[in-house]
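Number of protein chains: 4
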Amino acid sequence: MIQAPSSAFRDCRPLDNDDDFGEAGLAGRHKCGVFGVYGDPNAAALTALGLHALQHRGQEACGIASYDIVKNSFQNERHLGLVGDCFGQESGAIQRLTGSVAIGHNRYSTSGRVAQRNIQPLFADLKSGGFAIAHNGNLTNARTLRDRLVQDGAIFQSTMDTEVILHLIARSMRTRLVDRFIDAVSHIQGGFGLVCLTNKKLIGARDPWGLRPLVLGQTTNGAYVLASESCALDAVGAQFIRDVDSGEVIVISDKGVQSHKPFATIPARPCVFEYLYFARPDSTMHGLNVNAVREELGRQLAAEHHVDADMVCPVPDGGNPSGLGFSEASGIPFKFGIIRNHYIGRTFIQPNQMSRQRSVSLKHSANRSAMQGKRVVLVDDSIVRGNTSRRIVEMVRAAGAAEIHFRVASPPIRYPDFYGIDMPSKEELLASQMSIEEMRDFLGVDSLGFLSLDGFHRALGQPEGRNNKNPQFADHCFTGEYPTALIDHEDEEEPMHEQLSLLKD
Amino acid sequence: MIQAPSSAFRDCRPLDNDDDFGEAGLAGRHKCGVFGVYGDPNAAALTALGLHALQHRGQEACGIASYDIVKNSFQNERHLGLVGDCFGQESGAIQRLTGSVAIGHNRYSTSGRVAQRNIQPLFADLKSGGFAIAHNGNLTNARTLRDRLVQDGAIFQSTMDTEVILHLIARSMRTRLVDRFIDAVSHIQGGFGLVCLTNKKLIGARDPWGLRPLVLGQTTNGAYVLASESCALDAVGAQFIRDVDSGEVIVISDKGVQSHKPFATIPARPCVFEYLYFARPDSTMHGLNVNAVREELGRQLAAEHHVDADMVCPVPDGGNPSGLGFSEASGIPFKFGIIRNHYIGRTFIQPNQMSRQRSVSLKHSANRSAMQGKRVVLVDDSIVRGNTSRRIVEMVRAAGAAEIHFRVASPPIRYPDFYGIDMPSKEELLASQMSIEEMRDFLGVDSLGFLSLDGFHRALGQPEGRNNKNPQFADHCFTGEYPTALIDHEDEEEPMHEQLSLLKD
Amino acid sequence: MIQAPSSAFRDCRPLDNDDDFGEAGLAGRHKCGVFGVYGDPNAAALTALGLHALQHRGQEACGIASYDIVKNSFQNERHLGLVGDCFGQESGAIQRLTGSVAIGHNRYSTSGRVAQRNIQPLFADLKSGGFAIAHNGNLTNARTLRDRLVQDGAIFQSTMDTEVILHLIARSMRTRLVDRFIDAVSHIQGGFGLVCLTNKKLIGARDPWGLRPLVLGQTTNGAYVLASESCALDAVGAQFIRDVDSGEVIVISDKGVQSHKPFATIPARPCVFEYLYFARPDSTMHGLNVNAVREELGRQLAAEHHVDADMVCPVPDGGNPSGLGFSEASGIPFKFGIIRNHYIGRTFIQPNQMSRQRSVSLKHSANRSAMQGKRVVLVDDSIVRGNTSRRIVEMVRAAGAAEIHFRVASPPIRYPDFYGIDMPSKEELLASQMSIEEMRDFLGVDSLGFLSLDGFHRALGQPEGRNNKNPQFADHCFTGEYPTALIDHEDEEEPMHEQLSLLKD
Amino acid sequence: MIQAPSSAFRDCRPLDNDDDFGEAGLAGRHKCGVFGVYGDPNAAALTALGLHALQHRGQEACGIASYDIVKNSFQNERHLGLVGDCFGQESGAIQRLTGSVAIGHNRYSTSGRVAQRNIQPLFADLKSGGFAIAHNGNLTNARTLRDRLVQDGAIFQSTMDTEVILHLIARSMRTRLVDRFIDAVSHIQGGFGLVCLTNKKLIGARDPWGLRPLVLGQTTNGAYVLASESCALDAVGAQFIRDVDSGEVIVISDKGVQSHKPFATIPARPCVFEYLYFARPDSTMHGLNVNAVREELGRQLAAEHHVDADMVCPVPDGGNPSGLGFSEASGIPFKFGIIRNHYIGRTFIQPNQMSRQRSVSLKHSANRSAMQGKRVVLVDDSIVRGNTSRRIVEMVRAAGAAEIHFRVASPPIRYPDFYGIDMPSKEELLASQMSIEEMRDFLGVDSLGFLSLDGFHRALGQPEGRNNKNPQFADHCFTGEYPTALIDHEDEEEPMHEQLSLLKD
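Protein chains in written order, with the numbering used here: chain Z, 1 to 505; chain P, 1001 to 1505; chain U, 2001 to 2505; chain G, 3001 to 3505.
Structure, rendered in structure tokens:
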């Protein structure tokens, strides 16, 4: 239960309407996907297809808002569940979402049940008219801004960072909506890819550090598309135009595409986790194909941590491409030795019910017949808490493997993320608590190898490895070097004008 | 579909989550019931009992908010449906609503489906802490205030008048919460009975005109109770203390009951419809028992419009007590000749499906065996549109009545209400469109008699009849004399300082 | 939990799908309403209207089955809830129930939640084709027959008596369906009003003792209607033709109405509870209008148990007509002193939560202002367990009544019913456990009077009172004289040929 | 709409209760998974784990029945959805399913929505006591038997083949339950793996042709387990004992495991589709590991249909192991060029909404960056209708592949299956309508190669290839040689004694 001088509040409703005002104070880390279309009569249907292609970025809830110029009316549909279920034929939702402009959002499942009012896009009836917004990422000063806004008389209805942006727009002193939007964005810090909808415009914005991705494309009939990843452009038959720049605000209207760059130039530092495991393999970001990067991570890993073995077995699905790269570089045969069960429900049998069978995994199973007596190289993309890895090792051992060599296609993760990747606290990160040898022992493997920081950057197309003065990527989880201040998390006052200085003029 | 320069917005969700931002712009007329308890360990259970006793004031939705000092936490449960279903044993809701202070609200069904976010109590996390509010009545300047607040950067999440009050409190320049609340209330006009909850106080307020009722009581163990009607005090075993005065703000805390009268004295004019048909017969308002008033209306009616007949038959349930009074005064036997079916569902067979049987009524049926060949006096409390009355007459005629004399226990209703009574527009009011003779013809009765305005006031305990200079009750629906300005409805600018002048100082 | 050598079985599903194979072994007493139409293009809509008029006979669930000759297809819709909710416009159910023949059923709420598969009409695909059946009443040998059928290889899917009839039809050795139906009915004992549907016929049947009612009518366009009560004929604009005779089987087809009387003649003994409180006041059964009977019961009661008092106050709604009759005969004014709350939900606050307020009633409230200091005659239709009566007395006393005289419009109920009236066991019947004086003391009233058995029969149109040799009505609950053997309840073997002897030939 | 001299019947209920009596007359082809446990205090939890491991065999619905000897009571929980959702912690279902014996069932989604009453296990209260049954497979004489049973007075409640077995047991003339079960099974034809539950026994049975799999295992604490595949034994930590023999009936009780072989010996012919794509890769059937078979199919395919190319790209997930085998044997690099989206909802945007983008696939996407300008070998397990293959080829072509060579790891499928594999009719099978060259043209590929029938058998461990006189596997879909008569499908009378002749004595 929440301690509440600031009046924590619990609004319980049955079934899926359960509202919990106290989920971690603010509903923090949302690793999500956004999509927007301007100028297609089937805007909502395209948005549903785009969100479906971005489903890996969030499976808990999804929503689409559209504007219909004929009816002069906004529509919004927000649901718990997968895009294909919420916006499928039977739902009738797409038919209700008329109009040629639309934006959409996939929400990632963090923990607990999501409240209906915490599903995006958010909508507000501003003095300039209706405004809908969808947000991928996490702000590092949302709590601070929210407290200030409440002091100033604002009433919040959700617990999402995104609502802070809405209030900042509503209260901006500027006149034109785009200026008000830029004014609002200049106050927020962290990672964000935003798509917004008015009755005249589709607006996109990417954080000044380029932490969260956003791309621009165009369909064959001329409609413009904004999406978190290029794979969503392919899904709707749109051509990739370019990545939205870090700190860029894109305004699409009947005058075409206008680019605003209101913020001081900051070198772009895309988040390494998009490449490592978050983005879809067929997406391309900043010119790098994600699947190709992952294969190369495996090759670099094989070069750094060779071992004699009978088979390379990826931990599916994350380890598949780096496992293949490892196999190619090492010459050790690639085998599907671990089967992944894709049918995990939301909740399942409690561990204590099955405590006798500690090695039981609901998600993976080892092919005993393939592994019996073999020397196995297990390749995975990363180790976070280490519990899953440990269970998999235990399972492979029980399946009769003679030797197990664990290879990880990234450096040890020692620091948490605050920009929108769902990551546990420092205390829960295995590599922040143990040495390599302790981890090897904890996992119960014969050998353990992590890719080096330079090897990692080499796979990301930096032949010289990492530029320590000016790192090319946001790799703070390996290094602790955060690109932004962490205002909410550092318990320090950060005067608002400092962020305002991000504005050019 | 809504026309929307001010951006009408439709947020559709399946099943009961359907949200329609456009239901008549603002969800206007809510004829509701409120209840609040301070100082009982079973505060939520008492509130549920109180709301159940007030169920006749609103059946569509209900909610209870409580504050638990031990947990320092607010809880809120808001549901579609009857109190007995939403807060019954199986729901577990009462168990979740811990604490010794609670407020509750019944919402009246207007039209369309209610959105989850339009169920009360509303809650906001103000800078002073949590604040919950429940509202019975209707504001006549809500739209005007809302527009101003949106201009000022406020973001509205519901379409209820009540949210305007919340924003006014959040933005008040005063310091102490009670002062901020009074400041907010000083801006609103119309009919209202409010109960509010903070982590320290239960607050009640009644509009300066005394349009909507509110009473104060106390249970045997000393807990204070606020309720729309005295019948809810009986339901929880509380003693009636007094009616809350018009314009009074009651603050209940560990210091006991404090009364604030911040507004200039305005003569109280209780709404006649509470006595005529809205309040429960066993309630007593301003010293008048509702059932006794209704019987007396029937007696006055018999005196004014005598007729020779075989039976007095009330139109159930509204006409029962005045029918009995008519029978007493006239000596004509009282008979239950019309049966009311209490099991009407929300929606039923479309009229056009059954067009062949025009006389079919789903709500009433006539006892053919009792009426065959008889001269029948039908007594009802009022005539609004006249369609139901006409159908009933048709049904009684078909059941074989020889003569039908229709008697109405109120004057003709010619003007709409704007203070919380669900009433159609002027054009739909039968008596505003027709003369008495035209109505008699429309209804198809042998004679038709309405109670006179003076007769009506006599039944309300004014032996001299109506005081036309200083009317004792709000009878604007008969007379067109509205006690307040109708700002939203008159399309005229009403400067805010004028309402502020209601404040004493 | 069920003890189960015969394998009690629990099939639990969430929400409304909850299936409990063990609810009292067999789901016994169903006090229900049935309706059927032959020959109207809107057969299902008429059936919905008819079921709505019969809603007082069962509110828990309802269903309609229809046959469409064009599609050569049966449809069935069965739902939990009121007719108006399940078959209202939004449901679309009526549109799906095409065809010109339909039957329907209302199910009474006994206790616990009803399983979907226990909602009627039941349907089976017999060798003669599809067959749907709806049943009002209760069989006294259902358990015995069911055990025999299971021994013979029958598989039961519901726990309803009605399924026994289906299996008997399926297994009959006769050839024609009507003969098979009569053969099946000849095996069952107890009270029943049946309506059945095939692809060619509408069939109705009434038990040989005439315990459960069934009437025949015809609409203006010639369609035939069967219904539990005549009020349902009025509801669809049909003319009453006649009561179906006791033991009669009515077959309606394109050849018109055929009457079969396959059973030995047994004097009809309609159930007194239909007149006393179960049927709707505007229904007429065997020539007696129900409301008129009830008023006359009140007059007889006043004659037998006069008392000086200030007001006659009915216990609503059951006591209303007999209260009026009592007032008429005694000259004591009739007053609505007790208010009934019609908004009781299914479940409500547990008594123990509110134990401090023993006198709190959720269903009734007393009008304190009317009763203060008055000598009150309370009139009710009957006393069953006595708990409600006692609470009402307590409430009236708390409201300040000076004297309370309780008058009951029926003789003491001392024996349970087994033919379809929901009645507690003998041990729970107040009058079977106490003398009149003990009851007076238990209820806490100043005097108590029950109508005599002869007075009761006089009110039912028998000027000589009860014919003890050949009672005119089934009044076993007063007298213990059951018209049929109680096979399931007597733990005795009743050879099947004995019942077969009911057949004429 | 159904044509119905045999009275097709439509029982519509809202939401998930939708019952359609007409789904293809009988709900035919159920490709399902079964599981049973005898002698573990957590029998239901083990069953849930086992069903989860068998989730690939059916995702639409699942159920578990258990027997609790202490309560002497059966429980049954049947739900729509995945095992992890229906039997997860929040559901509480496992807690309700007490007892040490349990059986479970996964139901495969065919078409339309499944009715609640068509979810297994089925339960019946037979004269011998309660009996629950779960069935994997499809009977080829179910319709014929059902018609005969209806003629004989049986009433069916579901449309499942399985209910036929229940009725046959209920009507058997034998005395002991096991004999009655064997008697019933002797009448049915087709593919089946059955697990059944009484209050004393767990019973398993496999069809005489060994078409559907069933294995026996034992947990470390001695409990016996029956399952469709060995992977479910691994999931609960049970040791594999052996495949149940074709035609074997296994009875597990407190006397241990008893084997009955009541049927004449017929050579076992396991279904090739279990190996080709239905079973999980880590299962082992009749001594053959499924993954190893699939890799070997790829190697045989490479040997038969070599081509020069740049990459071997499997069609995921089915083509993964044979693609790897093809790569190994051919030396062409293996690449993940096609991404599979696992998040397809039940329903999605209608094709016509998106008709402009014919190449859009909701399930697969091509990695443009990997395929641009490359010669690609696509490897899939089979071609059924060919539509998906054609869309994938189109997608790969659009992604820029220079050449596309399609290789199929099975012979052309020319004949439908009737034993439980969901397969379209002959007319819809691409290979039954076209020559190889026509198919190559239809698919739009540069070359097309299917594995030969002998190559296929070689991969299944038959070095000599197929034994045409006595085929080692049920490969009727390639050859048209069905192991059993197809009674329902041949419109011919098959006297019941013929099947009885399967009994030894």
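A virtual CB, placed ideally from N, CA and C, is assigned to each residue, including glycine.
Original post:
Taking Cβ to Cβ, would you say V2037 (chain U) is nearer than 8 Å to L2046 (chain U)?
Top reply: Walking along the third sequence from the start, residue 2037 (chain U) turns up at place 37. Walking along the third sequence from the start, residue 2046 (chain U) turns up at place 46. Yes.
Subject >> Rounded separation between A3044 (chain G) and G3084 (chain G) - CA only >> reply: Here residue 3044 (chain G) corresponds to residue number 44 of the fourth sequence, with the count starting at 1. Here residue 3084 (chain G) corresponds to residue number 84 of the fourth sequence, with the count starting at 1. Cα to Cα, the separation comes out at about 13 Å.
**OP:** With distances taken Cα to Cα, identify the nearest neighbour of A3264 (chain G) among G:F3450, G:A3223, G:S3186.
**Re:** For the purposes of this step, residue 3264 (chain G) is identified with residue 264 of the fourth sequence, where counting begins at 1. Checking every option, the nearest Cα to that of A3264 (chain G) belongs to G:S3186.
Original post:
So, does the CB of D2125 (chain U) fall closer than 8 Å to a CB anywhere in chain G?
Top reply: Here residue 2125 (chain U) refers to the residue found at position 125 of the third sequence. Taking Cβ atoms only, chain G reaches closer than 8 Å to D2125 (chain U), which makes this a yes.
Subject >> Listed by chain order, chain Z residues near I3339 (chain G) by CB distance under 7 Å >> reply: Here residue 3339 (chain G) is taken as the residue at index 339 of the fourth sequence, counted from 1. Residues of chain Z passing the Cβ test: R280, P281, D282.
Original post:
Over what stretch of residues does the beta strand (DSSP E) that includes L3194 (chain G) continue unbroken?
Top reply: On the fourth sequence, position 194 is the one that residue 3194 (chain G) refers to. Run containing L3194 (chain G): 3190-3197, per the beta strand (DSSP E) assignment.
Original post:
For I3203 (chain G), does the count of other Cβ atoms within 10 angstroms reach 16, so buried, or fall short, so exposed?
Top reply: By 1-based counting over the fourth sequence, the position of residue 3203 (chain G) is 203. I3203 (chain G) comes out buried.
Original post:
Quick one: what's got a C-beta closer than 7 Å to R1174 (chain P)'s C-beta in the same chain, skipping five residues either side?
Top reply: Residue numbering aside, residue 1174 (chain P) sits at position 174 when the second sequence is read from its first letter. Here the set comprises R1180, D1183.
Subject >> Status (buried if at least 16 other CB within 10 Å, exposed otherwise) for T1220 (chain P) >> reply: Position 220 of the second sequence holds residue 1220 (chain P). T1220 (chain P) is exposed by the Cβ-count criterion.
Original post:
Apart from the five residues on each side of it in sequence, which residues of its chain come closer than 6 Å, Cβ to Cβ, to A3302 (chain G)?
Top reply: The residue given as residue 3302 (chain G) occupies position 302 in the fourth sequence. These residues qualify, in order along the chain: F3326, A3329, S3330.
Subject >> Which of helix, strand or coil DSSP assigns to P3213 (chain G) >> reply: Counting from one through the fourth sequence, the residue named residue 3213 (chain G) turns up at place 213. Note: P3213 (chain G) maps to coil in three-state DSSP.
Subject >> Neighbourhood of N2072 (chain U) by C-beta, 8 Å cutoff - its chain only, sequence neighbours within 5 removed >> reply: For this step, residue 2072 (chain U) is matched to residue 72 along the third sequence. Around N2072 (chain U): N2199.
**OP:** Compare the C-beta of L3166 (chain G) with all C-beta atoms of chain U and state if any pair is closer than 8 Å.
**Re:** For the purposes of this step, residue 3166 (chain G) is identified with residue 166 of the fourth sequence, where counting begins at 1. Yes, its Cβ sits closer than 8 Å to a Cβ of chain U.
**OP:** Give the DSSP-derived three-state secondary structure of Q3258 (chain G) in the structure shown.
**Re:** In the fourth sequence, the residue the question calls residue 3258 (chain G) occupies position 258. Strand at Q3258 (chain G).
**OP:** Run down chain G in chain order and give the residues with a C-beta less than 9 Å from the C-beta of I2064 (chain U).
**Re:** Within the third sequence, the letter at position 64 stands for residue 2064 (chain U). Within 9 Å Cβ-Cβ: nothing; I2064 (chain U) doesn't reach chain G, min ~11 Å.
**OP:** Just the chain G side, please: which residues come within less than 9 Å of A366 (chain Z) by C-beta, in chain order?
**Re:** If you number the first sequence from 1, residue 366 (chain Z) lands on position 366. Going along chain G in sequence order, the residues near A366 (chain Z) (Cβ under 9 Å) are D3234, D3282.
Subject >> Residue span of the beta strand (DSSP E) that contains L122 (chain Z), given as start and end >> reply: What you label residue 122 (chain Z) is simply residue 122 of the first sequence in a count that begins at 1. Start and end: 122-126.
Original post:
Buried or exposed: which applies to V379 (chain Z), given that a residue is buried once 16 or more other Cβ atoms fall within 10 Å of its Cβ?
Top reply: As a first step, residue 379 (chain Z) is located in the first sequence; it is residue number 379 there, counting from the start. Buried, by the Cβ-count rule.
**OP:** Show which residues of chain G have a CB atom less than 7 Å away from the CB atom of C231 (chain Z).
**Re:** Translated into positions along the first sequence, residue 231 (chain Z) becomes position 231. Per Cβ cutoff of 7 Å: S3365.
Original post:
Should the segment 2227-2236 of chain U be regarded as contacting the segment 2046-2058 of chain U, the criterion being three or more beta carbon pairs within less than 8 Å?
Top reply: yes
Subject >> Proximity of A3065 (chain G) and F3123 (chain G) at Cβ, strictly below 8 Å >> reply: Position 65 of the fourth sequence, counted from the start, is the residue given in the question as residue 3065 (chain G). Position 123 of the fourth sequence, counted from the start, is the residue given in the question as residue 3123 (chain G). Taking 8 Å as the Cβ cut-off, A3065 (chain G) and F3123 (chain G) qualify as a contacting pair.
Original post:
Ordered along the chain, which non-local residues of its own chain (more than five positions away) have a Cβ less than 7 Å from that of L1276 (chain P)?
Top reply: Working through the second sequence from its first residue, we reach residue 1276 (chain P) at position 276. Within the same chain, L1276 (chain P) has close Cβ partners D1381, S1382, S1410.
Subject >> CB contact below 8 Å: R1174 (chain P) versus chain B >> reply: Absent from the structure: chain B. Protein chains present are Z, P, U and G.
Original post:
What span of residues does the alpha helix (DSSP H) with L362 (chain Z) cover, start to end?
Top reply: Taking the first residue of the first sequence as position 1, residue 362 (chain Z) is located at position 362. No alpha helix (DSSP H) holds L362 (chain Z); DSSP gives it neither H nor E.
Subject >> Proximity test, Cβ basis, 8 Å: Q1321 (chain P) and chain U >> reply: For this step, residue 1321 (chain P) is matched to residue 321 along the second sequence. According to the sequence provided, residue 1321 (chain P) is Pro. The question's Gln does not apply to it. Answer yes: the Cβ-Cβ gap between P1321 (chain P) and chain U drops below 8 Å somewhere.
Original post:
So with Cβ pairs under 8 Å, would you call L3362 (chain G) a contact of chain Z?
Top reply: Within the fourth sequence, numbered from 1, the residue matching residue 3362 (chain G) stands at position 362. Chain Z contact via Cβ: present.
Subject >> Burial state of K335 (chain Z), where buried means 16 or more other Cβ atoms lie within 10 Å >> reply: In the first sequence, counting from the first residue as 1, residue 335 (chain Z) sits at position 335. Label assigned to K335 (chain Z): buried.
**OP:** With a threshold of 16 other CB atoms inside 10 Å of the CB of F2021 (chain U), please say whether the residue is buried or exposed.
**Re:** On the third sequence, residue 2021 (chain U) is found 21 positions in, with the first residue counted as 1. Only weak support is given to the placement of F2021 (chain U): the predicted model assigns it a pLDDT of 31, under 50, and the question is left unresolved by the model.
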